[in-house]
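Peer 1:
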Amino acid sequence: MKSLSSPIIYLFLLFILLPVFVHPFPVSAGDQPKADISDIIITTSETDLLFFCTVKNSFTPEMIKGIRNGIPITFTFLIELDKVIDYWPDTTLTELTIHHTLTYDTLKEEYHIQLSEKNNHVVTTDSLAKAKEIMAELSGIKIIPRDKLIPDAPYALHVKAKLAKKKLPFNIHYLIPFISLWDFETDWRTIEFRY
């Protein structure tokens, strides 16, 4: 008569070791939710078409660690406004590229955010949450003067955000393995509207 203990031991070992082989490595940046543009608003002032948006899920723990170790990061926002023409290629009215650069002063324990849309004005805060909020938001961006828009004509505004690729000096990026985990790029978001 065969012993039942051998199959039971094999099954026991299988169920104990299976989780180790199914997910043997820690969770990676790829498991983090994908960066996405949300909270989009298009409105007007007395003189201009204005744009607002927020990038969600743009920071990884590895990025925060790198920032605190003195590695700057830059978010690049690409914005394009097209006049939609039926049965014909759309006409691009304007293209904007906006940069937000975040650095950390380790001596003062302050975050500095440089905003290209405000003539490279630098905002300083000691709060990481506030720094992340400023980095991920576009607020009141002047897209085009209102007098260049035709009333009741169809338009499409396209927006995308990505982490600008920074080259570290002396090929240091080969020595810092988590730099490659920083890469993010949102999909293009398109908002169609009539002025």
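Following the working numbering, the numbering of the sequence shown begins with 18 at its first residue and continues without gaps. Idealized CB from N, CA, C, for every residue including glycine.
Quick one: using the 10 Å Cβ neighbour count with 16 as the cut-off for buried, is G83 buried or exposed?
Peer 2: Answer is buried; the Cβ neighbour count reaches 16.
Peer 1: Note down, in chain order, each residue of its chain lying with its Cβ closer than 7 Å to the Cβ of P41, except the 5 sequence neighbours on either side.
Peer 2: Summary for P41: the model assigns pLDDT 44, below 50, so the residue's position carries little reliability, and this model does not support an answer.
Peer 1: Does the region 134–145 touch the region 163–179, meaning 3 or more C-beta pairs lie closer than 8 Å?
Peer 2: No, because fewer than three Cβ pairs between the region 163–179 and the region 134–145 fall closer than 8 Å, the two stretches do not touch.
Peer 1: How many Å lie between I115 and I160 at the Cα?
Peer 2: Computed Cα separation, rounded: 11 Å.
Peer 1: Can you tell me where the alpha helix (DSSP H) with R85 in it begins and where it stops?
Peer 2: Residues 78–85.
Peer 1: Please state the DSSP three-state secondary structure of K51.
Peer 2: Here K51 sits in coil by DSSP.
Peer 1: Helix, strand or coil: which one does DSSP assign to P43?
Peer 2: Confidence at P43 is low in this model, with a pLDDT of 42, below 50, so the placement of that residue is unreliable and no value is reported for it.
Peer 1: Between the beta-carbon of C70 and the beta-carbon of L166, is there less than 7 Å?
Peer 2: Taking 7 Å as the Cβ cut-off, C70 and L166 do not qualify as a contacting pair.
Peer 1: So, are the CB atoms of T108 and L98 less than 7 Å apart?
Peer 2: Going by C-beta atoms, T108 is not nearer than 7 Å to L98.
Peer 1: Looking only at its chain, what residues have a beta carbon closer than 6 Å to the beta carbon of L113, apart from the 5 residues adjacent to it on each side?
Peer 2: Answer for L113: I96, listed in chain order.
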